[in-house]
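J.: Chains as they are written, first to last, in UniProt numbering: chain A, 1 to 236; chain B, 1 to 294.
Here a beta-carbon is modelled for each residue, glycine too, at the ideal position from N, C-alpha and C.
The structure is given below, and queries will be raised subsequently.
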Amino acid sequence: MTDALLEIAGLSAGYGGSRVLWDVDLNLMRGRATALIGRNGVGKTTLLHAIMGTRLASAGSLRFDGTDLSPLPPERRARAGIGFVPQGRHIFPQLTVMENLETGLSARGGRGTGGVPAHIFDLFPKLYDIRGRAGGFLSGGEQQQLAIGRALAGEPSLLLLDEPTEGIQPNVVQQIEAALAHVRDTLGMTILVVEQYLDFVWRFADDYVAMQGGRIVRAGKVAEDPAAEVAKLVQI
Amino acid sequence: MDLFLNQLFNGVSLASLYLLASLGLALSFGLMRVINMAHGEMLMLGGYLAWATLLVVPGAAGILIAMPVAFVGAAAMGGVIQTVLIRRLSARPLDTLLATWGVSLVLQQAARDLFGAVGVEVRAPAWLEGSVELAGVVIPTARLFIIGVAVAVLGGLALILLKTRIGLLVRAVNQDRMMASATGIAVGRVDLAVFCLGSGVAGLAGVMLALLGPVTPSVGQAYIIPAFLVVVMGGLGSITGTTAAAVILGVFAALAQLFVDVSVSQMLLLVFVVLFIQFRPQGVVAVRTRQLDA
Numbered sequence: 001m002t003d004a005l006l007e008i009a010g011l012s013a014g015y016g017g018s019r020v021l022w023d024v025d026l027n028l029m030r031g032r033a034t035a036l037i038g039r040n041g042v043g044k045t046t047l048l049h050a051i052m053g054t055r056l057a058s059a060g061s062l063r064f065d066g067t068d069l070s071p072l073p074p075e076r077r078a079r080a081g082i083g084f085v086p087q088g089r090h091i092f093p094q095l096t097v098m099e100n101l102e103t104g105l106s107a108r109g110g111r112g113t114g115g116v117p118a119h120i121f122d123l124f125p126k127l128y129d130i131r132g133r134a135g136g137f138l139s140g141g142e143q144q145q146l147a148i149g150r151a152l153a154g155e156p157s158l159l160l161l162d163e164p165t166e167g168i169q170p171n172v173v174q175q176i177e178a179a180l181a182h183v184r185d186t187l188g189m190t191i192l193v194v195e196q197y198l199d200f201v202w203r204f205a206d207d208y209v210a211m212q213g214g215r216i217v218r219a220g221k222v223a224e225d226p227a228a229e230v231a232k233l234v235q236i
Numbered sequence: 001m002d003l004f005l006n007q008l009f010n011g012v013s014l015a016s017l018y019l020l021a022s023l024g025l026a027l028s029f030g031l032m033r034v035i036n037m038a039h040g041e042m043l044m045l046g047g048y049l050a051w052a053t054l055l056v057v058p059g060a061a062g063i064l065i066a067m068p069v070a071f072v073g074a075a076a077m078g079g080v081i082q083t084v085l086i087r088r089l090s091a092r093p094l095d096t097l098l099a100t101w102g103v104s105l106v107l108q109q110a111a112r113d114l115f116g117a118v119g120v121e122v123r124a125p126a127w128l129e130g131s132v133e134l135a136g137v138v139i140p141t142a143r144l145f146i147i148g149v150a151v152a153v154l155g156g157l158a159l160i161l162l163k164t165r166i167g168l169l170v171r172a173v174n175q176d177r178m179m180a181s182a183t184g185i186a187v188g189r190v191d192l193a194v195f196c197l198g199s200g201v202a203g204l205a206g207v208m209l210a211l212l213g214p215v216t217p218s219v220g221q222a223y224i225i226p227a228f229l230v231v232v233m234g235g236l237g238s239i240t241g242t243t244a245a246a247v248i249l250g251v252f253a254a255l256a257q258l259f260v261d262v263s264v265s266q267m268l269l270l271v272f273v274v275l276f277i278q279f280r281p282q283g284v285v286a287v288r289t290r291q292l293d294a
């Protein structure tokens with residue numbers, strides 16, 4: 001078993017005839033949080049969708065915990081241990097908060113037992129208070145907490161998040177940051193987070209990967225490279 | 001007044017048939033955005049299965065045994081159509097329309113070859129042959145039974161959708177297919193379960209039709225157009241909307257017959273739905289969320 005939980009090699013993907021990702025190589029190490037940064041349209045979201053299987057790669061390989069992901073549909077990837085918090089959150093609008101969380105249990109497959117893990121309500125106490133409310137009527141911050149909670153309900157080993165702080169008020173951003181640090185530090189979860197808010201990721205991430213024009217142009221450790229220097233490089 | 005009350009009751013009775021015929025369509029369209037042109041033949045299949053069951057089990061309990069038989073038989077046929085055809089054409093909705101129309105023609109011809117073009121009679125048991133008088137209106141027991149079955153099916157579906165794990169997964173897939181898949185829900189299995197359930201309910205509707213008239217190879221065709229109108233007017237996939245639309249259209253069609261003949265009332269029904277959709281394109285029930293309100 002290697003230290004890399006996810007191994008991406010030569011990955012290309014796009015939309016119709018338009019290619020967005022070009023030969024992306026990336027290894028995500030177990031138990032580490034990696035920030036994926038870059039300007040709008042450089043392929044960050046496409047990369048997350050290619051990992052999740054909601055956008056198929058046109059070339060390259062994806063190995064998760066030693067398993068080839070390429071032939072697997074998104075639900076099998078989720079059951080293999082990949083949790084997804086997409087941009088725009090994609091809460092099921094007519095399901096209650098509790099029901100939204102319960103859908104996340106599907107990702108466990110044969111792993112784990114019982115209902116929604118209690119630690120989700122410890123991380124986001126507000127969710128417990130509003131557990132009977134329909135998802136479509138929550139504020140942006142509440143929806144983001146719910147989207148993360150739903151992904152955590154499946155007890156993933158890799159958590160993918162796409163701009164979790166977008167349009168969220170500062171105190172909720174702090175809660176999200178604490179929750180992500182908690183699941184990495186106590187559960188050993190591996191995290192890949194797309195983010196343009198560098199102050200946020202530089203506070204809790206371990207590694208960063210910078211993208212430009214569909215390619216990875218720089219990768220390193222957050223502790224070694226100042227955020228301002230990386231921001232200047234990728235022009236954000 | 002008696003004539004009006006009588007037609008009103010007939011409207012409710014017709015509405016319960018429309019509802020049973022359209023619930024399956026609403027479920028499968030809501031989930032897969034698939035228009036199943038062979039849905040009428042699930043009604044036909046249910047009718048023939050009721051006839052066959054009553055040949056084997058004549059007597060008072062025959063019809064009660066025919067109902068689960070028709071449900072399971074039509075559900076199995078629906079499962080075959082979904083697995084062999086619809087699942088493979090999921091990205092091509094227009095091709096699905098044509099392919100299921102083809103299935104509809106094949107099933108009708110198969111019934112014609114097997115049972116003849118004239119049709120077969122299902123004799124209702126004695127306990128369904130009488131009538132009761134309510135507020136001066138004579139109500140046939142068979143029609144009351146059909147209304148009861150429609151209410152029970154609606155209640156059962158509501159229970160499945162709102163109180164069971166599979167119901168939760170169906171609602172999740174219905175609301176956001178991509179996210180449901182990324183959450184680990186086996187969307188293909190949910191599609192299959194819903195298609196079988198919808199076909200089974202249509203099979204049950206076929207048993208009810210068999211109580212009212214002969215079962216012919218084209219018996220489903222008479223109900224498939226009103227069923228599509230109900231689904232469109234209901235808000236494409238909404239069970240609450242489908243129920244409301246079935247009641248509105250059933251009562252409208254029956255009351256129209258106070259003034260015009262059946263053919264003209266069918267035409268008026270179509271005009272009514274066209275005008276309704278013109279002014280309320282989202283149907284009777286529209287989804288409201290904070291994002292849509294903004």
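1) Compare the C-beta of B/A15 against all C-beta atoms of chain A and say whether one is closer than 8 Å.
2) Would you mind listing the alpha helix (DSSP H) stretches within the stretch 109–191 of chain B that are 4+ residues and don't spill past its ends, in chain order?
3) With DSSP as the reference, label B/S90 as helix, strand or coil.
4) Expressed to the nearest angstrom, what Euclidean distance is found between the alpha-carbon atoms of B/I35 and A/Q235?
5) Taking the alpha helix (DSSP H) that A/G141 falls in, what are its first and last residues?
6) Measure from the alpha carbon of residue 269 of chain A to the alpha carbon of each residue in A/T45, A/L198, A/S58, then state which is nearest.
7) Looking at B/V284: is its Cβ nearer than 8 Å to the Cβ of B/G234?
8) Could you tell me which residues DSSP puts in a beta bridge with A/D199?
9) Going straight from the alpha carbon of B/A50 to that of B/P58, what length do you get?
10) For A/M211 versus A/G60, is the C-beta spacing smaller than 8 Å?
11) Relative to chain B, which residues along the stretch 100–124 of chain A have a C-beta separation below 9 Å, given in chain order?
12) Measuring alpha carbon to alpha carbon, tell me which residue in B/L157, B/I86, B/V187 is nearest B/L19.
13) Identify which residue in B/M267, B/L211, B/A126 has its Cα closest to the Cα of B/A60.
14) Give the single residue among B/T141, B/V232, B/A172, B/M179 whose Cα lies nearest to the Cα of A/G53.
15) Look at the Cβ atom of B/G206, then the Cβ atom of B/G46, and state whether they are nearer than 8 Å.
16) At 4 residues or longer, and completely inside the stretch 206–231 of chain A: list those alpha helix (DSSP H) runs for me, N to C.
17) What do you get for B/L169, buried or exposed, if any count of 16 or more other CB atoms within 10 angstroms of its CB means buried?
18) Where does B/E41 fall in DSSP's three states?
19) With the cut-off set at 8 Å, would you say residue 359 of chain B and B/V201 are in Cβ contact?
20) I need the boundaries of the alpha helix (DSSP H) containing A/N100, first residue and last residue.
21) Closest to A/T186 by C-alpha separation, out of A/L26, A/A33, A/D3, A/K44, would be which residue?
22) Answer with yes or no whether the minimum CB distance from B/I81 to chain A is below 8 Å.
23) If we define contact as Cβ-Cβ less than 8 Å, is A/P226 a contact residue for chain B?
24) Please report the residue range of the beta strand (DSSP E) in which A/R63 lies.
25) Provide the residue span of the beta strand (DSSP E) that contains A/A181, from first to last.
26) Are there three or more Cβ pairs, one per stretch, closer than 8 Å when the stretch 85–96 of chain A is compared with the stretch 143–150 of chain A?
27) Beta strand (DSSP E) containing A/T54: first to last residue?
28) For B/D191, is the classification buried or exposed, using 16 other Cβ atoms within 10 angstroms of its Cβ as the cut-off for buried?
29) When the cut-off is 8 Å and only beta carbons count, does A/M94 lie next to chain B?
30) Let's see if you can read the secondary structure: which residues bound the alpha helix (DSSP H) around A/N40?
31) Which stretch, first to last residue, makes up the beta strand (DSSP E) that contains A/S18?
32) Please confirm whether A/G154 and A/G83 have their CB atoms less than 8 Å apart.
33) CB-CB under 6 Å to B/L107, same chain, minus the five flanking residues each way: which ones, in chain order?
34) State yes or no: is the beta carbon of B/R171 nearer than 8 Å to at least one beta carbon in chain A?
35) State the DSSP-derived secondary structure class of A/V193, mapped to helix, strand or coil.
36) Could you tell me which of B/Q282, B/F252, B/P217, B/I248 sits nearest to B/D113, measuring between CA atoms?
T.: Once the coordinates are examined:
1) Here residue 15 of chain B is taken as the residue at index 15 of the second sequence, counted from 1. Not closer than 8 Å to any Cβ of chain A, the Cβ of B/A15 fails to qualify, so no.
2) 141–163, 165–175, 177–182
3) Your numbering for residue 90 of chain B matches position 90 in the second sequence. Correct three-state label for B/S90: coil.
4) As a working note, residue 35 of chain B is residue 35 in the second sequence. As a working note, residue 235 of chain A is residue 235 in the first sequence. If I take the Cα positions, the gap works out to 48 Å.
5) Along the first sequence, read from residue 1 onward, the residue named residue 141 of chain A stands at position 141. That run of the alpha helix (DSSP H) goes 140–153.
6) This structure cannot speak to residue 269 of chain A, because chain A is shown only from 1 to 236.
7) Against the second sequence, residue 284 of chain B aligns to sequence position 284. Against the second sequence, residue 234 of chain B aligns to sequence position 234. Their beta carbons are under 8 Å apart, which means B/V284 touches B/G234 by this criterion.
8) Stepping through the first sequence from its first residue, residue 199 of chain A is reached at position 199. Paired residue(s): none; A/D199 is not in a bridge.
9) The residue labelled residue 50 of chain B in the question sits at position 50 within the second sequence. The residue labelled residue 58 of chain B in the question sits at position 58 within the second sequence. Answer to the nearest angstrom: the Cα atoms are 11 Å apart.
10) In the first sequence, the residue the question calls residue 211 of chain A occupies position 211. In the first sequence, the residue the question calls residue 60 of chain A occupies position 60. No, these two residues do not count as a Cβ contact at 8 Å.
11) N100, E102, T103, G104, L105, S106, A107, R108, G109
12) Looking up residue 19 of chain B in the second sequence gives position 19. For B/L19, the nearest C-alpha among the options comes from B/L157.
13) Numbered from 1 along the second sequence, position 60 holds the residue referred to as residue 60 of chain B. Taking only the C-alpha atoms, the option nearest B/A60 is B/A126.
14) Taking the first residue of the first sequence as 1, we reach residue 53 of chain A at position 53. Comparing Cα-Cα distances from A/G53 to each of B/T141, B/V232, B/A172, B/M179, the minimum goes to B/M179.
15) The residue given as residue 206 of chain B occupies position 206 in the second sequence. The residue given as residue 46 of chain B occupies position 46 in the second sequence. Cβ distance < 8 Å, so B/G206 and B/G46 count as in contact.
16) none
17) On the second sequence, position 169 is the one that residue 169 of chain B refers to. Classification for B/L169: buried.
18) Counting from 1 along the second sequence, the entry for residue 41 of chain B is found at position 41. Reduced to three states, the DSSP call for B/E41 is helix.
19) No answer is possible for residue 359 of chain B: the residues shown for chain B start at 1 and end at 294.
20) Counted from its first residue, the first sequence places residue 100 of chain A at position 100. 97–103 is the extent of the alpha helix (DSSP H) around A/N100.
21) In the first sequence, residue 186 of chain A corresponds to position 186, counting from 1. The shortest Cα separation from A/T186 among A/L26, A/A33, A/D3, A/K44 belongs to A/A33.
22) Reading the second sequence from its first residue, position 81 is the one you call residue 81 of chain B. For B/I81, the answer is no, since every Cβ of chain A falls outside 8 Å of its Cβ.
23) Here residue 226 of chain A refers to the residue found at position 226 of the first sequence. A/P226 does not count as touching chain B.
24) The sequence position of residue 63 of chain A within the first sequence is 63, counting from 1. From DSSP, the beta strand (DSSP E) with A/R63 extends over 59–64.
25) Against the first sequence, residue 181 of chain A aligns to sequence position 181. Taken as a continuous stretch (DSSP letters only), A/A181 belongs to no beta strand (DSSP E), being part of the alpha helix (DSSP H) at 170–187.
26) yes
27) In the first sequence, counting from the first residue as 1, residue 54 of chain A sits at position 54. Element bounds for A/T54: n/a, residue is neither H nor E.
28) Position 191 of the second sequence, counted from the start, is the residue given in the question as residue 191 of chain B. Burial call: buried.
29) Start at 1 with the first residue of the first sequence, and residue 94 of chain A comes out as number 94. Just to set this straight, residue 94 of chain A is Gln in the shown sequence, not Met. Output row for A/Q94: interface = yes.
30) For the purposes of this step, residue 40 of chain A is taken as residue 40 along the first sequence, with counting starting at 1. Neither: A/N40 is in no alpha helix (DSSP H) and is coded neither H nor E.
31) One-based indexing of the first sequence puts residue 18 of chain A at position 18. A/S18 -> beta strand (DSSP E) spans 18–29.
32) Position 154 of the first sequence, counting from 1, holds the residue named residue 154 of chain A. Position 83 of the first sequence, counting from 1, holds the residue named residue 83 of chain A. Contact flag set, yes.
33) Taking the second sequence and counting its residues from 1, the one referred to as residue 107 of chain B is at position 107. Counting only Cβ-Cβ distances below 6 Å, and skipping sequence neighbours, we find E41.
34) If you number the second sequence from 1, residue 171 of chain B lands on position 171. It does; some Cβ of chain A falls within 8 Å.
35) For the purposes of this step, residue 193 of chain A is taken as residue 193 along the first sequence, with counting starting at 1. Correct three-state label for A/V193: strand.
36) Residue 113 of chain B sits at position 113 when you count from the first residue of the second sequence. The option with the nearest alpha carbon to B/D113 is B/P217.
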